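Written out below as C-alpha cells is the structure these notes cover.
Residue numbers (my numbering): 259 to 812.
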C-alpha cells in the first residue's frame with residue numbers, strides 16, 4: 259500500500275501542475291508583462307518536454323530500474339516547481355516548465371512498478387485508481403487554480419505541487435524496491451534523437467498552426483519535418499538490435515487498436531479545456547455563456563473530478579467482471595453522449611454540470627481500461643515503453659484537437675472580440691465525433707480468448723531396468739494442461755505478469771508444454787538438450803494430456 263500511495267502522490271503532483279496553469283495563464287501573462295505569444299510557450303514548452311520524455315523515460319525504467327528513474331522524475335518535477343515558484347521572469351518560467359515536463363514519465367514507470375510488485379488480482383484496481391487520478395487531478399487543478407490565484411498569488415500554483423512531489427521523492431527512495439524485472443540491452447541514442455525530433459516538429463506545428471496559419475510555410479515545413487523524422491525513426495528502430503520502442507510490440511493488434519482509441523480519447527478529453535472553461539466564462543452579453551469566474555467554472559467541473567475518483571475505485575471489480583474492452587467501449591460512448599448534452603444545454607449551469615458528471619464517468623472508465631489492455635497485451639519487459647507511448651499518443655490527440663478547435667474559434671469573432679457561438683458549437687461537435695469514433699475503435703480491439711494454464715506436478719514412477727538388472731526410481735515432471743483462466747478474467751498465458759513474491763512469470767509457466775513439445779526435452783534435467791524420446795515435437799498437446807519427462811533419481 260505504501261508503494262501505491264507513493265506513485266499516486268507523484269501522479270497527482272504532475273496532473274495538478276499540468277492543469278493549474280491553463281486557467282491562470284491570463285493572470286501570469288499580465289503580471290510578467292509578457293505577450294500572448296510568449297505566454298503560450300508556458301503550455302507549449304511543458305507539452306513538448308512531456309511528450310518527448312515520457313516514452314524515453316519509460317524505456318529507461320525498463321532498462322535501468324524503475325525506482326531509480328522514478329526518483330529522477332520526481333526530482334526533476336520538484337526542481338522545476340521550485341524554479342517556477344521563485345521566479346518573476348517569463349524566460350526562467352518557460353525553462354522551468356520544460357523541466358517540469360519530465361514528470362510525464364511518472365505514468366509508464368508507475369504502471370510498470372504496479373505490474374512488478376502487485377499480485378495479479380490487485381493490478382486492475384491499482385491501474386484503475388492511477389488512471390482515475392489522471393482525470394481527477396486535472397479537474398482538481400482547474401478547481402484550485404482560481405482560489406489560489408485570488409487569495410494568494412499565481413506562484414502558489416507551483417508551491418503546492420512542489421510539496422507533494424518532494425514527499426513522493428522521499429517515499430520513492432525509502433519505500434519502493436528496485437525492479438526485479440529488467441529488459442536487456444542499452445539506450446538506443448539514435449532512436450531517441452529521431453523520436454524526439456519528429457515529436458518536436460509535429461507538436462510544434464500543431465501548437466503554432468493556429469497563430470501562423472495552417473498553410474503557412476513554417477507550419478507546413480514543421481509537418482514535413484515530422485513526417486521525415488517519423489520515417490527515419492521507423493527505419494532506425496527496424497534495423498536496431500536493441501530498439502528504443504519495440505515496433506513489433508506496437509504492431510500487436512490489441513496494442514495498435516487500443517492506441518487508436520487512445521488518440522481519439524485524448525482529443526476528446528484534453529481539448530475540452532479549450533472549449534468548456536472559455537465557454538462558461540464568456541459574459542452573457544455576448545448572447546451565450548454563463549459569465550462565470552475562474553473559481554466558479556472550476557466548481558462547475560467538480561462533478562467530473564468526483565466521478566473519476568469513484569470510477570477509479572470500482573474499475574478493478576468492473577474489469578474482473580467484464581474485462582477491460584467493454585468498459586472502454588461504454589466509457590467512450592458515454593463521453594460522446596456527454597458532449598451531446600453540452601451541445602443542447604450549454605446555456606444553463608445544470609447542462610455543464612450534467613456534462614461534467616457524464617464525462618467524468620466515461621473518461622474514468624475508458625482511461626483505466628486502456629492501460630489494462632496495453633499491459634495485458636505486451637511482455638513484462640516492454641511495460642514502460644508501451645505505456646509511455648500510449649500516454650504520448652493521448653497527448654498528441656489532445657494537441658491535434660486543441661489546434662483544430664482553436665482554429666474553429668478563431669474563424670469568426672463578435673465585435674466584442676469573443677468567438678461566435680457557432681465556433682464553440684462546431685468544437686463540441688468535433689469532440690463528440692472523436693469520442694464516438696473512439697468507441698468504434700474500442701469495439702475492434704481483439705478480446706483475449708480463454709486459454710490454458712499449465713500446472714507442474716511432481717510424479718514418482720518406476721523406470722526401466724538398467725544394464726545391471728536393477729531398477730531405478732525416477733522423478734518426472736508431469737505438465738498437466740487444462741483450460742483455466744486467471745483471477746482477472748484473462749488467460750494466464752496472455753498476462754505475462756510477474757509476481758514479485760514467487761519470481762515466476764505466469765507466461766513462462768503457461769507456455770512450458772509448448773516449449774517441451776518443440777524441444778523434445780526436459781529443460782531442468784537436461785539443459786544440454788539431449789533428445790527425450792518420451793516427448794516429441796509432434797505431440798498433439800490436447801487439453802488434459804500428461805507429458806512425462808524422466809529425470810535422474812533423487
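Backbone N, C-alpha and C fix where the C-beta goes; we use that ideal spot for every residue, glycine too. Note that the coordinates shown come from a computational prediction; the quantities given were computed from them, not determined experimentally.
For the 8 angstroms Cβ check, are there 3 or more pairs between the region 270 to 280 and the region 395 to 405?
yes
Report the option in 354, 539, 345, 267 whose CA atom is closest to the CA atom of residue 302.
354
Using the beta-carbon count (16 or more within 10 Å), is residue 466 buried or exposed?
Answer is buried; the Cβ neighbour count reaches 16.
Check each candidate in 638, 684, 335, 646 and name the one with the smallest Cα separation from residue 600.
Closest option to residue 600, Cα to Cα, is 684.
Identify which residue in 350, 682, 613, 505 has its Cα closest to the Cα of residue 598.
613
Between residue 515 and residue 334, is the Cβ-Cβ spacing less than 8 angstroms?
no
Going by beta carbon distance, what residues of the same chain come within less than 8 angstroms of residue 656, once the five residues before and after it are set aside?
Closer than 8 angstroms at the Cβ level, and outside the excluded window around residue 656, lie 524, 525, 527, 528, 529.
If I follow the unbroken alpha helix (DSSP H) through residue 650, where does it start and stop?
641 to 668
For residue 604 and residue 375, I'd like the C-alpha separation in whole angstroms.
Separation of residue 604 and residue 375 (C-alpha to C-alpha, rounded to the nearest whole angstrom) is 45 angstroms.
By the DSSP assignment, the alpha helix (DSSP H) with residue 272 in it spans what residues?
260 to 290
What does residue 671 pair with, by DSSP beta-bridge criteria?
Beta-bridge partners of residue 671 (DSSP): 677.
Note down the Cα distance separating residue 623 from residue 582, rounded to an integer number of angstroms.
Computed Cα separation, rounded: 9 angstroms.
I need the boundaries of the alpha helix (DSSP H) containing residue 370, first residue and last residue.
364 to 375
Consult DSSP for residue 604 and reduce its assignment to one of helix, strand or coil.
Residue state for residue 604 is assigned as coil, using DSSP reduced to three classes.
Within the chosen definition, does the region 666 to 686 reach the region 534 to 550 through at least 3 CB pairs nearer than 8 angstroms?
yes
Is the beta carbon of residue 577 sitting closer than 8 angstroms to the one on residue 501?
no
In angstroms with no decimal places, state the Cα-to-Cα distance between residue 633 and residue 498.
24 angstroms
Ordered along the chain, which non-local residues of its own chain (more than five positions away) have a Cβ less than 6 angstroms from that of residue 454?
310
Could you check what DSSP says for residue 582 in three-state terms: helix, strand or coil?
coil
So, is residue 671 buried or exposed, given that buried needs 16 or more other C-beta atoms within 10 angstroms?
exposed
By a C-beta neighbour count over all protein chains shown, 10 Å radius and 16 as the cutoff for buried, is residue 493 buried or exposed?
exposed
Check residue 703 in the structure and name its three-state DSSP category.
Residue 703: coil per DSSP, three-state reduction.
Flag this pair as yes or no: are the beta carbons of residue 272 and residue 364 separated by less than 8 angstroms?
Between residue 272 and residue 364, the CB-CB gap stays under 8 angstroms.
With a cut-off of 8 angstroms, does the C-beta of residue 467 fall near any C-beta of chain D?
Included in the structure is just one protein chain, with no chain D present.
By Cβ distance, which residues of its chain are closer than 7 angstroms to residue 431, with the 5 residues on each side in sequence left out?
329
Please state whether DSSP places residue 737 in a helix, a strand or coil.
Residue placement at residue 737 cannot be trusted, given a pLDDT of 35 that sits under 50; the coordinates are not used to answer.
Measure how close the beta-carbons of residue 348 and residue 292 come, nearest whole angstrom, since I'm counting them as under 8 angstroms.
4 angstroms
What did DSSP end up calling residue 401 once you bin it into helix, strand or coil?
helix
Whole angstroms is fine: what's the gap from residue 691's alpha carbon to residue 591's?
So the two alpha carbons sit approximately 10 angstroms from each other.
In the region 314 to 367, which residue ranges form an unbroken alpha helix (DSSP H) of at least 4 residues, counting only runs that do not cross its ends?
324 to 344, 348 to 359
With a 10 Å radius around its C-beta and 16 neighbouring C-beta atoms as the bar for buried, classify residue 608 as buried or exposed.
With fewer than 16 other Cβ atoms within 10 Å, it is exposed.
Once the 5 residues before and after residue 650 are set aside, which same chain residues still bring their CB inside 6 angstroms of it?
309, 312, 313
In chain order, which continuous runs of the alpha helix (DSSP H) of length 4 or greater are located wholly inside the region 416 to 495?
447 to 470
If I follow the unbroken alpha helix (DSSP H) through residue 528, where does it start and stop?
511 to 528
Rounded to whole angstroms, what is the Cα-Cα separation between residue 307 and residue 474?
25 angstroms
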